[in-house]
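If you count the sequence shown from 1, you need to add 1 to reach the working numbering.
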Amino acid sequence: MKIFLNKTELSSYLEEFKSKGDSIGFVPTMGALHEGHLSLVKKGLEDNNLVVVSIFVNPTQFDNGEDLIKYPRTLDADVRALESVSKTKIVVYAPAVEDIYGNNVTSQAFSFDGLEHEMEGAFRKGHFDGVGTIVKRLFEIVKPEYAYFGEKDFQQLQIIKKLTELYNLPVKVVGCPIHRADDGLAMSSRNTRLTTEHRAAAPFIFKTLQTAKIKFGTESAKVVTEWVEKAFKEEPLLDLEYFIIADTMTLKPVKRKSTQKTYRAFIAAYAGDIRLIDNIALN
Ligand code: PAF
Numbered sequence: 002m003k004i005f006l007n008k009t010e011l012s013s014y015l016e017e018f019k020s021k022g023d024s025i026g027f028v029p030t031m032g033a034l035h036e037g038h039l040s041l042v043k044k045g046l047e048d049n050n051l052v053v054v055s056i057f058v059n060p061t062q063f064d065n066g067e068d069l070i071k072y073p074r075t076l077d078a079d080v081r082a083l084e085s086v087s088k089t090k091i092v093v094y095a096p097a098v099e100d101i102y103g104n105n106v107t108s109q110a111f112s113f114d115g116l117e118h119e120m121e122g123a124f125r126k127g128h129f130d131g132v133g134t135i136v137k138r139l140f141e142i143v144k145p146e147y148a149y150f151g152e153k154d155f156q157q158l159q160i161i162k163k164l165t166e167l168y169n170l171p172v173k174v175v176g177c178p179i180h181r182a183d184d185g186l187a188m189s190s191r192n193t194r195l196t197t198e199h200r201a202a203a204p205f206i207f208k209t210l211q212t213a214k215i216k217f218g219t220e221s222a223k224v225v226t227e228w229v230e231k232a233f234k235e236e237p238l239l240d241l242e243y244f245i246i247a248d249t250m251t252l253k254p255v256k257r258k259s260t261q262k263t264y265r266a267f268i269a270a271y272a273g274d275i276r277l278i279d280n281i282a283l284n
């Protein structure tokens, strides 16, 4: 498998590839790859002749220095996992921080029509400026036809769609379903850092979302939210940061339900010092 550490070499390889008329799919990641990432890569291979996977732990999207330091870095295992999917139709771009940022490790300030102020944006200051900066830069380097993102980070997916719209970036952003373990826990690179006890408790997040979905059929968002907050108080191993039922398009919390709109429920919760997020479509 080809592994590029340098954007200039990657770009010239991809230019040659594109000159033959072949299409390029792109899966940006921060590594520690799991089945969820591989499902994005497989979808990319169905739609394109080549899939570029970037593996880069982006410093500007972390609001917590400790989280950045502890973020798993497993390049060898990631390459092996990708090779199990294809040795010839996937290339890896695994740059050092300087290749992306030079000596100016800062993010651009973005406005994503307010999407950036909700949920993750409210709890992780500057997070979406960091995500916008890196994804825009990676799109400019890779110039893919299609880029694939998981719905686990649903707010990120909506923001990246907005980014491409605001900057007229010629890439189609494809959202892919959340990949779950057998017990329902949404796959995340952070799951590897859970203690055995916290791992056993974590499926409670998805179970609660499923019950919230059923309740939302007959109850108001306020009643459902109160029920979820109470349920979490009775689960000592998980600490709820937020539960929000939001409009799928604006991501603003729902005040009054409308049959014309679609909604999603979002959870962020701590299992020890590991922050987990998940969400579910409600209607
Ligand atoms: O979802 C992620 O892993 C990251 O936010 C992304 C899109 C790779 C940008 O660093």
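Where a beta carbon is used, it is the ideal one built from N, C-alpha and C, also for glycine.
- Task: State yes or no: is the C-beta of D23 nearer than 7 Å to some heavy atom of the ligand PAF?
- Result: In the sequence shown, the residue the question calls residue 23 occupies position 22. No - the ligand PAF has no heavy atom lying nearer than 7 Å to the Cβ of D23.
- Query: Three or more C-beta pairs closer than 8 Å, one from the stretch 131-151 and one from the stretch 175-187: is that the case here?
  - Reply: yes
- In chain order, each alpha helix (DSSP H) run of at least 4 residues that lies wholly inside the stretch 6-63: Counting whole runs of 4 or more residues, the stretch 6-63 contains the alpha helix (DSSP H) stretches 8-20 and 36-48.
- Does the distance from the C-beta atom of I246 to that of A266 stay below 8 Å? Residue 246 sits at position 245 when you count from the first residue of the sequence shown. Residue 266 sits at position 265 when you count from the first residue of the sequence shown. Yes. Within cutoff.
- Query: If you pair each beta-carbon of the stretch 131-150 with each one of the stretch 49-61, do three or more pairs fall below 8 Å?
  - Reply: yes
- Which residues share a DSSP beta bridge with D279? The residue you call residue 279 lines up with position 278 of the sequence shown. In DSSP, D279 forms a bridge with I268.
- Query: If we ignore side chains and look at the alpha-carbon of each, how far apart do I206 and Y14 end up?
  - Reply: As a position in the sequence shown, residue 206 is number 205, starting the count at 1. As a position in the sequence shown, residue 14 is number 13, starting the count at 1. Approximately 43 Å between the Cα atoms of the pair.
- Message: For the ligand PAF, is there any heavy atom lying closer than 7 Å to the beta carbon of T107?
- Response: Indexing the sequence shown from 1 puts residue 107 at position 106. Outside the cutoff, so no.
- With distances taken between CB atoms, is the gap from L51 to D23 smaller than 8 Å? Taking the first residue of the sequence shown as 1, we reach residue 51 at position 50. Taking the first residue of the sequence shown as 1, we reach residue 23 at position 22. It is a contact, given that the beta carbons lie within the stated cut-off.
- Query: For T212, which option in P60, V225 and A201 has the closest C-alpha, if you only look at C-alpha atoms?
  - Reply: Start at 1 with the first residue of the sequence shown, and residue 212 comes out as number 211. Of P60, V225 and A201, the residue nearest in Cα terms is V225.
- For I91, the three-state DSSP class (helix, strand or coil): In the sequence shown, counting from the first residue as 1, residue 91 sits at position 90. Of the three classes helix, strand and coil, the one that applies to I91 here is strand, per DSSP.
- Query: At which residues does the alpha helix (DSSP H) containing E117 begin and terminate?
  - Reply: Mapped onto the sequence shown, residue 117 falls at position 116. First-last for E117: undefined, no H or E at that position.
- Task: Pull every residue with its beta-carbon under 6 Å away from any heavy atom of the ligand PAF, and keep them in chain order.
- Result: Answer in sequence order: P29, T30, M31, N59, Q62, V132, I135, V136, D154 and Q157.
- Where V28 and H38 are concerned, what is the direct C-alpha to C-alpha distance, given to the nearest angstrom? Position 27 of the sequence shown, counted from the start, is the residue given in the question as residue 28. Position 37 of the sequence shown, counted from the start, is the residue given in the question as residue 38. Their Cα atoms are separated by approximately 8 Å.
- Exposed or buried, what is Y168 when buried is set at 16 or more other beta-carbons lying within 10 Å of its beta-carbon? Here the question's residue 168 lines up with position 167 in the sequence shown. Answer is exposed; the Cβ neighbour count stays below 16.
- Residue span of the beta strand (DSSP E) that contains D184, given as start and end: To locate residue 184, count along the sequence shown from 1; it is residue 183. Per DSSP, D184 lies in no beta strand (DSSP E) and is assigned neither H nor E.
- Query: Which first and last residues belong to the beta strand (DSSP E) in which D68 is found?
  - Reply: For the purposes of this step, residue 68 is taken as residue 67 along the sequence shown, with counting starting at 1. Premise fails: D68 lies in the alpha helix (DSSP H), G66 to K71, not in any beta strand (DSSP E).
- With a floor of 4 residues, list each alpha helix (DSSP H) that falls wholly inside the stretch 190-239, ordered by position along the chain. Runs found: 197-202, 205-217 and 222-234.
- Message: Considering only the alpha carbon of each residue, which of P204, I101, N104 and T134 lies closest to L277?
- Response: Position 276 of the sequence shown holds residue 277. When each option's Cα is compared against that of L277, the closest is P204.
- Quick one: using the 10 Å Cβ neighbour count with 16 as the cut-off for buried, is H118 buried or exposed? Translated into positions along the sequence shown, residue 118 becomes position 117. When all chains shown are included, H118 counts as exposed.
- Item | Where F124 sits in the DSSP three-state scheme | Mapped onto the sequence shown, residue 124 falls at position 123. Looking at F124 - three-state DSSP - the assignment turns out to be helix.
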